[in-house]
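Residue numbers (the numbering used here): 3 to 546.
Glycine is no exception: its CB is placed at the ideal position from the N, C-alpha and C atoms.
Here the structure is a predicted model, which means the values were calculated and not measured.
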Amino acid sequence: MQGLMQDWPLLVHKILDHAAIQHGGREVVSRSVEGPIHRTDYSELRHRSLRVAQALDRFGIVGGDRVATLAWNTWRHLEIWYGINGVGAIYHTINPRLFPEQIAYIVNHAADRILFTDLTFLPLVEALAGHLKTLELVVVMTDAEHMPDSKLANAVSYEEWIAGCDGNFVWKDVDENAASGMCYTSGTTGNPKGVVYSHRSNILHAMMAAATDMMGLSFNDTVLPVVPMFHANCWSLAFAAPMNGARLVMPGAKMDGASIWELLDSEKVTLSAAVPTVWMMLLQHMEETGKKLPHLTRVVIGGAACPRVIIDKFENDYDVQVIHAWGMTELSPLGTVCTIKPEYGGLRGEALLDIKETQGHPPFGVEIKITNDAGKSLPWDGKTFGRLKVRGPAIARAYYRDDSDILDDEGYMDTGDVATIDQNGYMRITDRSKDVIKSGGEWISSIDLENIAVGHPHVAEAAVIGIAHPKWDERPLLIVVPKKGETPEAESILAHLEGKVAKWWMPDAVVFVEEIPHTATGKIQKMALREKFSDYVLPTADQD
Ligand code: AMP
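Here you go:
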């Protein structure tokens, strides 16, 4: 027997309908790429999205076509996403920090027909134009006044392009399982791989992400997604915020500590989300200037492990709740979120920080397990490391135009991360599986060592890699970028680690560098470091 409920497909553009009808006057504030602060609301945003959909339709974009964006977080980028989905096409976000040849690869691989780009990236698009085989049109996200002379034959300014469209358009109906968005993952080896979200997965995921014990989004919130729309589906905030009627503040191109502080303060932002390096910059700016943020109540921190010192400062110095989250492009992206279950409600001080440092627990809709290399499930004791595997309705089952089978017999995807899970379901990432240090048959977590090292007052950034060792296989080398103007001693950093990790985890050496290389999504490039230190000989190499 079937249920007798209505067939109301879960479609992304319905989010904007709801926002416009129920929260139409709620503001969307942006730092425009041209400079000034721009203000609109959900009602106007929906109208302009309809105009975008109409323009796409007139151009001949049809259901299933891919339309790319190479852009910062602004109101225009939002209305373009919804407009693309509203005509049944697929938004394809491109990370401008990828190597130019990778950008060309993914545009061609996705066969994008139109590219929307911010002024910032126009020179990049001009340089790549000859290699972008499938592009028919480049829409520059600005008005006629700011439109530069472009070398491109097929470039038009956005405001002029939609000028002839009055928004008298009806969203196209598509199946809820139809593709809605694409985002390529920037792996360290091989070509980027295309993750394809569906309308259904985007809606279900936005509901999961907004739930009370996840990000806890409300129409009383003002949300500032520092996380770019081109990074892992904007951690759902481009959907979850309008779905819940939250006011939005979009940071545009400026993401330094001072600019982010200015927006958080002037727009009275209550919730923001970004990778740890952004928060490091903000905290440094606040420490240097003595500025405060009385309106900010919580920050979501993910994309890389959040060092304890960031959690401690936000929570104890500024009274801001840290929501440490783990996710991946393949998971839409949310996997786990660290909020405090009643089981840990009584914890205070360092014991509470121990839990807050974990990546937390999954929402309904994400199932997790850890296994050994043979695929056997491992115990949830908070100590045993294993390969982290996940399944759920907003998790990839395959990559675009790629035959490899990425699921195990039970339908779980291997995340490539190594983790522990404790008896209350709290997951802690200890490493990427290829970065874990194998010493004497046991594993050492490079992330744990890095997180403790950055708690040293003179350390700006730290990375730990395994170096070949004749007796132990591998031993940890700690690579440190000192804070500006500081020249810390190796002994003082090792003394800071002592007692906080098992003796046999202690790095065999510390080296100082000016800079640590990062990937396009801000992660430490361990592979580049391993190459750089491939001839390095540990001082312990000839010791027993
Ligand atoms: P991306 O698809 O670019 O978002 O990268 C996903 C990867 O980032 C994950 O597989 C993890 O290795 C890493 N990652 C994301 N969030 C965290 C976190 N909170 N702690 C540790 N690693 C993280």
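Is residue i close to the ligand AMP? I mean its beta-carbon at under 7 angstroms from any heavy atom of the ligand.
i       : result
Trp-445 : no
Ala-306 : yes
Gln-104 : no
His-326 : yes
Ile-82  : no
Lys-525 : yes
Gln-323 : no
Pro-335 : yes
Met-429 : no
Thr-360 : no
Arg-389 : no
Asp-419 : yes
Ala-234 : yes
Gly-329 : yes
Arg-434 : yes
Thr-422 : no
Thr-187 : yes
Comparing alpha-carbon positions, which option in the options lies nearest residue i?
i       : options                               : result
Ala-511 : Pro-194, Leu-219 and Ala-470          : Ala-470
Met-231 : Leu-72, Ala-465, Val-197 and Ser-379  : Leu-72
Lys-440 : Met-429, Arg-477 and Asp-407          : Arg-477
Cys-308 : Val-513, Val-35 and Ile-431           : Ile-431
Lys-358 : Lys-505, Val-301 and Ala-112          : Val-301
Asp-223 : Ala-255, Val-251, His-233 and Cys-236 : Val-251
Tyr-107 : Ile-92, Gly-132, Gly-85 and Tyr-84    : Gly-132
Ser-334 : Gln-361, Gly-367, Tyr-346 and Ile-303 : Gly-367
Asp-544 : Asp-475, Ile-423 and Pro-38           : Asp-475
Ile-82  : Phe-101, Arg-50, Ile-63 and Ile-262   : Arg-50
Leu-100 : Asn-193, Val-30 and His-148           : Asn-193
Gly-169 : Val-271, Arg-350, Pro-11 and Ala-55   : Ala-55
Ala-57  : Tyr-160, Ser-447 and Ser-182          : Tyr-160
Asn-235 : Met-216, Asp-437 and Ala-208          : Ala-208
Arg-68  : Phe-61, Ile-116, Gly-88 and Val-31    : Ile-116
Leu-390 : Gly-501, Ala-396, Gln-361 and Asp-215 : Gln-361
His-111 : Glu-29, Ile-96 and Trp-173            : Ile-96
Lys-270 : Phe-316, Leu-298, Glu-103 and Asp-321 : Leu-298
Ile-446 : Val-420, Phe-514 and Leu-273          : Val-420
Lys-505 : Val-456, Lys-256 and Leu-451          : Leu-451
May I have the straight-line CA-CA distance separating residue i from residue j, to the nearest angstrom?
i       : j       : result
Ser-379 : Met-330 : 21 angstroms
Ile-342 : Thr-542 : 42 angstroms
Leu-226 : Leu-284 : 14 angstroms
Lys-371 : Gln-527 : 27 angstroms
Gly-292 : Pro-365 : 37 angstroms
Met-282 : Ala-497 : 23 angstroms
Gly-442 : Lys-473 : 8 angstroms
Asn-426 : Arg-53  : 49 angstroms
Asn-246 : Pro-490 : 48 angstroms
Gly-394 : His-201 : 15 angstroms
Leu-531 : Ile-518 : 8 angstroms
Val-141 : Asp-114 : 13 angstroms
Thr-279 : Gly-524 : 8 angstroms
Gly-65  : Arg-48  : 20 angstroms
Asp-9   : Ala-400 : 27 angstroms
Ser-152 : Val-127 : 10 angstroms
Asp-43  : Trp-74  : 18 angstroms
Leu-219 : Phe-535 : 45 angstroms
His-20  : Ala-211 : 18 angstroms
Asp-433 : Leu-134 : 36 angstroms
Ile-423 : Gly-337 : 13 angstroms
Ser-435 : Tyr-538 : 22 angstroms
Lys-486 : Glu-290 : 13 angstroms
Ala-242 : Ile-481 : 39 angstroms
Gln-286 : Glu-178 : 45 angstroms
Ser-45  : Leu-12  : 21 angstroms
Gly-418 : Ser-448 : 15 angstroms
Gly-304 : Ser-406 : 28 angstroms
Pro-150 : Asn-318 : 48 angstroms
For the ligand ADP, is there a heavy atom less than 7 angstroms away from the beta-carbon of residue i?
i       : result
Ala-112 : This structure simply doesn't include the ligand ADP; it includes the ligand AMP instead.
Examine chain C for any beta-carbon lying closer than 8 angstroms to the beta-carbon of residue i, and answer yes or no.
i      : result
Gln-56 : Of the chains in the structure shown, none is chain C; there is only one protein chain.
### Message
Report the start-end ranges of each alpha helix (DSSP H) in the region 93-159 that is 4 residues or longer and not cut off at the edges.
### Response
102-112 and 124-130
#### Entry: Segments assigned beta strand (DSSP E), at least 3 residues, entirely inside the region 201-227
224-227
### Message
Going residue by residue through the region 341-382, where are the continuous alpha helix (DSSP H) segments of at least 4 residues, counting only ones entirely within it?
### Response
351-358
### Query
Which runs of the alpha helix (DSSP H) fall wholly inside the region 240-313 and span at least 4 residues, in chain order?
259-268 and 278-291
### Entirely enclosed alpha helix (DSSP H) segments - the region 21-95, minimum 4 residues
44-61 and 77-88
### Task
Taking only runs that begin and end inside the region 433-502, name each unbroken alpha helix (DSSP H) of 4 or more residues, in chain order.
448-455 and 492-499
### 3-residue-minimum beta strand (DSSP E) runs that sit fully inside the region 380-416, ordered along the chain
388-393
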